[in-house]
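J.:
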Amino acid sequence: MGRTLQNTMINLGLQNACDEAIYQLGLDMEELEEIEEDAGLGNGGLGRLAACFLDSMATLGLAAYGYGIRYEYGIFNQKIRDGWQVEEADDWLRHGNPWEKARPEYMLPVHFYGRVEHAATGTKWVDTQVVLALPYDTPVPGYMNNTVNTMRLWSARAPNDFNLRDFNVGDYIQAVLDRNLAENISRVLYPNDNFFEGKELRLKQEYFVVAATLQDVIRRFKASKYGSTDSVRTMFDSFPDQVAIQLNDTHPAMAIPELMRIFVDIEKLPWNKAWDITKQTFAYTNHTVLPEALERWPVDLVEKLLPRHLQIIYEINQRHLDHIASLFPNDVDRLRRMSLIEEGGTKRINMAHLCIVGSHAVNGVAKIHSEIVKTQVFKDFAALEPEKFQNKTNGITPRRWLLLCNPGLAELIAEKIGEDYVRDLSQLTKLHEFVDDDLFIREVAKVKQENKVKFALYLEKEYKVKINPSSMFDVHVKRIHEYKRQLMNCLHIITMYNRIRKDPAKLFVPRTVIIGGKAAPGYHMAKMIIKLVNAVAQVVNNDPVVGGKLKAIFLENYRVSLAEKVIPATDLSEQISTAGTEASGTGNMKFMLNGALTIGTMDGANVEMAEEAGEENMFIFGMRVEDVTELDRKGYNAQEYYDRLPELKQAVDQIKSGFFSPDEPDLFKDVVNMLFHHDRFKVFADYEAYVKCQEKVSELYLNSKAWTKMVIRNIAAAGKFSSDRTIKEYAQDIWHVEPSDLKIPPPNEPRDAVEDKTLNGTAA
Numbered sequence: 001m002g003r004t005l006q007n008t009m010i011n012l013g014l015q016n017a018c019d020e021a022i023y024q025l026g027l028d029m030e031e032l033e034e035i036e037e038d039a040g041l042g043n044g045g046l047g048r049l050a051a052c053f054l055d056s057m058a059t060l061g062l063a064a065y066g067y068g069i070r071y072e073y074g075i076f077n078q079k080i081r082d083g084w085q086v087e088e089a090d091d092w093l094r095h096g097n098p099w100e101k102a103r104p105e106y107m108l109p110v111h112f113y114g115r116v117e118h119a120a121t122g123t124k125w126v127d128t129q130v131v132l133a134l135p136y137d138t139p140v141p142g143y144m145n146n147t148v149n150t151m152r153l154w155s156a157r158a159p160n161d162f163n164l165r166d167f168n169v170g171d172y173i174q175a176v177l178d179r180n181l182a183e184n185i186s187r188v189l190y191p192n193d194n195f196f197e198g199k200e201l202r203l204k205q206e207y208f209v210v211a212a213t214l215q216d217v218i219r220r221f222k223a224s225k226y227g228s229t230d231s232v233r234t235m236f237d238s239f240p241d242q243v244a245i246q247l248n249d250t251h252p253a254m255a256i257p258e259l260m261r262i263f264v265d266i267e268k269l270p271w272n273k274a275w276d277i278t279k280q281t282f283a284y285t286n287h288t289v290l291p292e293a294l295e296r297w298p299v300d301l302v303e304k305l306l307p308r309h310l311q312i313i314y315e316i317n318q319r320h321l322d323h324i325a326s327l328f329p330n331d332v333d334r335l336r337r338m339s340l341i342e343e344g345g346t347k348r349i350n351m352a353h354l355c356i357v358g359s360h361a362v363n364g365v366a367k368i369h370s371e372i373v374k375t376q377v378f379k380d381f382a383a384l385e386p387e388k389f390q391n392k393t394n395g396i397t398p399r400r401w402l403l404l405c406n407p408g409l410a411e412l413i414a415e416k417i418g419e420d421y422v423r424d425l426s427q428l429t430k431l432h433e434f435v436d437d438d439l440f441i442r443e444v445a446k447v448k449q450e451n452k453v454k455f456a457l458y459l460e461k462e463y464k465v466k467i468n469p470s471s472m473f474d475v476h477v478k479r480i481h482e483y484k485r486q487l488m489n490c491l492h493i494i495t496m497y498n499r500i501r502k503d504p505a506k507l508f509v510p511r512t513v514i515i516g517g518k519a520a521p522g523y524h525m526a527k528m529i530i531k532l533v534n535a536v537a538q539v540v541n542n543d544p545v546v547g548g549k550l551k552a553i554f555l556e557n558y559r560v561s562l563a564e565k566v567i568p569a570t571d572l573s574e575q576i577s578t579a580g581t582e583a584s585g586t587g588n589m590k591f592m593l594n595g596a597l598t599i600g601t602m603d604g605a606n607v608e609m610a611e612e613a614g615e616e617n618m619f620i621f622g623m624r625v626e627d628v629t630e631l632d633r634k635g636y637n638a639q640e641y642y643d644r645l646p647e648l649k650q651a652v653d654q655i656k657s658g659f660f661s662p663d664e665p666d667l668f669k670d671v672v673n674m675l676f677h678h679d680r681f682k683v684f685a686d687y688e689a690y691v692k693c694q695e696k697v698s699e700l701y702l703n704s705k706a707w708t709k710m711v712i713r714n715i716a717a718a719g720k721f722s723s724d725r726t727i728k729e730y731a732q733d734i735w736h737v738e739p740s741d742l743k744i745p746p747p748n749e750p751r752d753a754v755e756d757k758t759l760n761g762t763a764a
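So that you can map any letter, position 726 of the sequence shown is 726 in full-length UniProt numbering, and since no number is skipped, the others follow by simple counting.
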């Protein structure tokens with residue numbers, strides 16, 4: 001979520017009033033804003049997407065709730081010591097959180113372990129351990145519409161009789177100390193992005209948020225006019241019309257068997273009716289195609305922690321496989337491929353398969369990704385129910401990612417096309433009329449320059465590095481992962497360095513290359529990549545021959561509040577994942593909206609950005625998905641590129657020989673070995689095209705006017721990538737609710753005066 005203060009002021013239309021008031025008190029608003037901690041309750045794009053979606057849902061007047069866990073410790077703070085990443089606990093609640101309100105009156109029990117009893121009256125889950133879920137509510141204001149939605153985050157609490165009933169009678173002190181075991185569930189965020197780690201505590205977290213949320217949803221449904229019908233038999237008939245639940249990846253997949261458990265075991269609905277309601281309620285968004293990221297929970301672990309849920313999953317699977325067998329008799333391999341249970345070695349539950357079978361809609365997050373989902377990853381399922389599979393291209397909220405972080409540009413745009421674009425970003429196309437307006441071109445360039453100077457000052461203050469604000473700011477910020485290919489960027493830095501040293505007199509377009517992002521603490525290769533970037537920067541930044549021509553910086557502790565500073569100052573956005581690996585990307589959209597040009601592969605949303613802006617207004621290079629597939633077919637041989645490309649050979653040899661690590665010459669042997677022998681993401685295969693494309697970037701940067709005209713064309717084409725557009729599509733195609741642009745009356749106006757205006761009765 002990042003910080004809340006400035007976003008709240010903007011959405012409430014209070015920013016100027018507050019700035020003025022604070023100024024009159026002799027205080028500086030910006031200084032005050034810097035005191036607030038980021039709420040870093042997610043890992044990367046998926047968590048930030050949820051935050052953008054909450055802003056858009058409130059702005060569109062949807063009655064929507066965001067549910068999650070109130071982690072005591074969010075994503076770790078990253079320190080760089082001697083070039084290595086070191087993790088520190090993110091004690092973000094240390095000084096309290098003024099935006100949250102605990103709601104103990106809505107506390108709910110969540111059960112774990114125990115056993116299943118079958119009796120004539122039905123199935124019971126008994127002898128469980130109970131953990132209480134305490135909700136904390138954070139307001140989510142819409143933009144200038146007086147709507148305020150709720151983000152409800154659950155915190156784990158031990159019941160007061162924890163360990164004091166039944167066993168452990170004598171040891172009161174130990175029993176109280178053991179309360180921590182229950183409360184550890186919401187202690188810390190698992191810091192993996194695009195990687196599955198099958199730990200028991202993680203599964204507990206996933207079930208904890210699901211069980212608390214579903215009880216909350218059902219309680220609210222029963223309290224409504226729809227859920228208070230006389231007959232228990234028909235009470236839930238209207239449930240899918242009143243409730244839509246979107247599964248953000250497979251992490252909340254246990255919601256499917258949990259809702260079935262509630263309907264069948266507790267509410268005594270017949271299985272088929274319960275299953276029909278469940279399917280109509282859930283929809284699933286897939287966020288990655290990397291096999292190592294897909295959740296596959298061991299059956300033994302689920303059986304121990306959630307025995308009833310395992311039985312329900314088996315029953316769902318049995319009926320699912322019976323159905324497929326009836327359509328494809330004797331196709332045992334199809335049954336194996338489509339089963340929710342993976343046999344062989346340890347039996348595992350494929351959570352993505354559970355989500356597909358238990359949802360009425362499945363979507364990817366960019367056109368190319370949704371195609372890959374349909375034709376490759378889940379092709380058997382798509383063949384069975386093609387109408388279930390959709391695309392919903394991701395978006396970003398223009399409130400935080402333009403108004404808040406780049407007021408200079410936002411104001412410049414408003415002067416030309418009015419202020420309405422903030423709620424309807426498609427209006428940015430009107431900027432095409434000004435692409436040849438010399439004054440506008442100069443003003444856009446001026447705003448960018450001011451943002452660069454401001455960021456350069458920030459870097460100087462925080463990191464004691466001096467950078468040239470007239471150099472090209474070439475920025476690569478995102479989680480560190482092999483598929484995102486920070487290594488390819490690193491090879492380009494080394495190549496530029498070698499070219500300068502070879503011919504110091506030759507004209508060179510000055511660059512400041514900024515790479516930033518966190519590596520999962522257990523991801524060895526990602527941590528080596530950070531060390532390499534820092535080692536290369538150390539050499540490049542201290543070579544007198546290079547002077548001010550080239551600087552490399554690793555940006556420490558990349559997070560939302562830092563993104564808000566670096567993105568508006570960026571000239572060149574690096575989006576260079578191997579084609580077919582980045583589901584969408586959203587940083588790409590933020591840079592586009594903030595006047596950077598993109599160098600990127602035809603991957604994720606880059607494809608649609610090129611479609612909107614025109615490929616000639618982006619720096620697109622490298623293999624397409626088809627080329628990657630073809631290269632896989634014939635076999636990728638890294639050596640052949642190394643042998644053929646002298647500059648690549650030189651750069652790799654320098655890394656290998658210890659040129660960048662003289663005290664420890666073989667420090668990067670693992671990295672080099674990976675690049676030659678098991679590089680799944682084919683860095684060498686795109687190196688030549690990348691370097692050539694970067695030459696075109698430098699050439700254009702020399703012509704400030706031509707560069708800025710291309711920037712304006714990009715901003716004018718960025719309208720599609722508002723999360724408002726994304727949410728409207730979810731609302732229409734998946735949730736079947738109507739967005740409302742009615743501004744509800746402010747709390748100081750009498751309600752009845754406007755009663756007739758607010759009868760828009762949309763579903764929850």
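Note that CB positions come from ideal geometry on N, CA and C, so glycine has one too.
Would you mind working out which of Ser-577, Leu-32 and Asn-617 sits nearest Met-592, comparing C-alpha positions?
T.: Asn-617
J.: Would DSSP call Asp-137 helix, strand or coil?
T.: Reduced to three states, the DSSP call for Asp-137 is strand.
J.: Tell me which residue opens and which closes the alpha helix (DSSP H) that Lys-273 is part of.
T.: 271-281
J.: So that I know if they touch, is there some Cβ in chain B lying closer than 8 Å to that of Pro-398?
T.: Included in the structure is just one protein chain, with no chain B present.
J.: Could you compute how far the alpha carbon of Ala-706 sits from the alpha carbon of Trp-99?
T.: 45 Å
J.: Give me, in chain order, the residues of the same chain whose beta-carbon lies closer than 6 Å to that of Asn-557; leave out the 5 immediate sequence neighbours on both sides.
T.: These residues qualify, in order along the chain: Asn-77 and Gln-78.
J.: Going by the DSSP bridge assignment, what does Ser-573 pair with across the sheet?
T.: Val-475 and Thr-598
J.: Skipping 5 residues on each side, what residues in its chain have a beta carbon closer than 8 Å to that of Val-116?
T.: Thr-123, Lys-124, Trp-125, Val-126, Pro-307, Arg-308 and Gln-311
J.: Start and end of the beta strand (DSSP E) containing Tyr-67?
T.: 65-69
J.: Is the Cβ-Cβ distance between Asn-394 and Asn-594 less than 8 Å?
T.: no
J.: In the DSSP output, which residue or residues are listed as bridge partners for Leu-108?
T.: Ala-133
J.: Tell whether a beta-carbon distance below 8 Å holds between Ser-56 and Asp-724.
T.: yes
J.: Residues in its own chain within less than 7 Å of Ile-480 by CB, not counting five upstream and five downstream?
T.: Gln-486, Gly-517, Lys-518, Ala-519, Ala-526, Ile-529 and Ile-530
J.: In angstroms with no decimal places, state the Cα-to-Cα distance between Val-536 and Tyr-483.
T.: 20 Å
J.: Quick one: give me the first and last residue of the alpha helix (DSSP H) that Val-672 is part of.
T.: 669-677
J.: Report all residues from its chain with a CB closer than 7 Å to the CB of Asn-541; omit the five preceding and five following residues, and keep chain order.
T.: Lys-551 and Ala-552
J.: Tell me the DSSP bridge mates of Thr-150?
T.: Tyr-65 and Pro-139
J.: Does the beta-carbon of His-677 have 16 or more other beta-carbons within 10 angstroms, so that it is buried, or is it exposed?
T.: Burial state of His-677 is exposed, judged by a 10 Å Cβ sphere holding fewer than 16 other Cβ atoms.
J.: What separation, rounded to the nearest whole angstrom, lies between the Cα atoms of Gln-318 and Phe-378?
T.: 19 Å
J.: For the putative contact between Gly-580 and Val-625, defined by C-beta atoms under 8 Å, what is the C-beta separation to the nearest angstrom?
T.: Sure, about 4 Å apart at Cβ, within 8 Å.
J.: Can you give me the start and stop residues for the beta strand (DSSP E) that Gly-83 sits inside?
T.: Taken as a continuous stretch (DSSP letters only), Gly-83 belongs to no beta strand (DSSP E), as it is neither H nor E.
J.: Cβ atoms of Val-477 and Val-533: under 8 Å apart, would you say?
T.: no
J.: State buried or exposed for Ser-661, treating a residue as buried only when at least 16 other CB atoms are found within 10 Å of its CB.
T.: buried
J.: Closer than 8 Å is the cut-off here; do at least three beta carbon pairs connect the region 502-513 with the region 710-719?
T.: no
J.: Report the residue from Asn-160, Lys-374 and Ser-186 whose alpha carbon sits nearest the alpha carbon of Leu-177.
T.: Asn-160
J.: With a CB to CB cut of under 8 Å and the five nearest residues on each side skipped, what residues in its chain are close to Leu-459?
T.: Around Leu-459: Val-465, Ile-467 and Ile-553.
J.: Mind reading off the beta-carbon distance from residue 785 to Glu-574? Whole number of angstroms is fine, and I expect it under 8 Å.
T.: As displayed, the chain neither begins before 1 nor continues past 764, which places residue 785 out of reach and without an answer.
J.: Which residues bound the beta strand (DSSP E) around Asn-160?
T.: Here Asn-160 belongs to no beta strand (DSSP E), and DSSP marks it neither H nor E.
J.: With a cut-off of 8 Å, do at least 3 Cβ pairs link the region 344-363 to the region 278-288?
T.: Touching, yes, given that three or more Cβ pairs across the two stretches are closer than 8 Å.
J.: In whole angstroms, what is the alpha-carbon distance linking Ala-613 and His-524?
T.: 38 Å
J.: With 16 other CB atoms within 10 Å as the buried threshold, where does Arg-233 fall?
T.: exposed
J.: From Arg-179, Gly-26, Glu-292 and Leu-562, pick the residue whose C-alpha is nearest to that of Asn-350; which is it?
T.: Glu-292
J.: Below 8 Å, can you find three or more Cβ-Cβ pairs linking the region 231-246 to the region 191-210?
T.: Not touching, per the Cβ criterion.
J.: Please classify Gln-174 as buried or exposed, where buried requires at least 16 neighbouring CB atoms within 10 angstroms.
T.: exposed
J.: Thinking C-alpha only, which one of Tyr-701, Pro-104, Met-151 and Tyr-23 is nearest Ala-51?
T.: The candidate whose alpha carbon is nearest that of Ala-51 is Met-151.
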